[in-house]
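Following: one structure in structure tokens, then a few remarks.
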Amino acid sequence: MSAVLVVAEVIRPLRWRVLRPDQPFAEAVYPGDDAPDTFHVAVRSGGDVLACASFHREPAPDGREGWRLRGMASATPGRGYGSTALTFGLAEVQRRGGRLVWCNARLPAVPFYQRHGFTVTSAEFEIPPIGRHVVMERVLP
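Here the sequence shown is numbered in the UniProt record's numbering, starting from 1 and rising by one per residue.
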């Protein structure tokens, strides 16, 4: 198992299956996916994508310069694949000079992000038809 940088097309099938299964596949294409400073992480074993995450430059909701994490998904939660993708992605943001990473986290994912040093920075809000979310962030050293 290893984490690598990939193009968006590699991770979209997993992103769709895990995060948007009741929506058309086109919903797995996110704004900014193909921006020059966007990068995508895949955790692979053989040819299989076990987890994925995407990062792109986008100011935090309060306007601070930051990197947004989107499309964090794991084929099999609880096996460390998501942690591997997130850790690799955070290191890549840091390598690119980033300090703040933020995301709109689904409520069930909040404990996962907290284990990785993220803190909740907003009240709960709804993203139809996906569900309840909070904004979370982590400041990198």
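Ideal Cβ positions, reconstructed from N, Cα and C, are used throughout, including at glycine.
Residue i versus residue j: straight-line alpha-carbon distance, rounded
{"i": "Gly-89", "j": "Val-41", "result": "6 Å"}
{"i": "Arg-15", "j": "Ala-28", "result": "6 Å"}
{"i": "Arg-95", "j": "Ala-51", "result": "21 Å"}
{"i": "Val-10", "j": "Ala-53", "result": "11 Å"}
{"i": "Ala-35", "j": "Phe-55", "result": "10 Å"}
{"i": "Trp-67", "j": "Ser-83", "result": "18 Å"}
Beta-carbon gap between residue i and residue j smaller than 8 Å
{"i": "Leu-107", "j": "Arg-132", "result": "yes"}
{"i": "Val-43", "j": "Ala-3", "result": "yes"}
{"i": "Ala-8", "j": "Asp-33", "result": "yes"}
{"i": "Leu-140", "j": "Gly-78", "result": "no"}
Where the alpha helix (DSSP H) through residue i begins and ends
{"i": "Ile-11", "result": "8–19"}
{"i": "Val-110", "result": "110–115"}
Three-state class that DSSP yields for residue i in the structure shown
{"i": "Ala-60", "result": "coil"}
{"i": "Glu-65", "result": "coil"}
{"i": "Arg-44", "result": "strand"}
{"i": "Phe-118", "result": "coil"}
{"i": "Glu-27", "result": "helix"}
Endpoints, beta strand (DSSP E) assigned at residue i
{"i": "Val-93", "result": "Here Val-93 belongs to no beta strand (DSSP E); instead the alpha helix (DSSP H) covers 81–95."}
{"i": "Met-136", "result": "131–139"}
{"i": "Glu-126", "result": "125–127"}
Residue i Cβ short of 7 Å to the ligand NAD heavy atom set
{"i": "Phe-39", "result": "For the structure depicted, the ligand NAD is absent and the ligand set is empty, with no information on it obtainable."}
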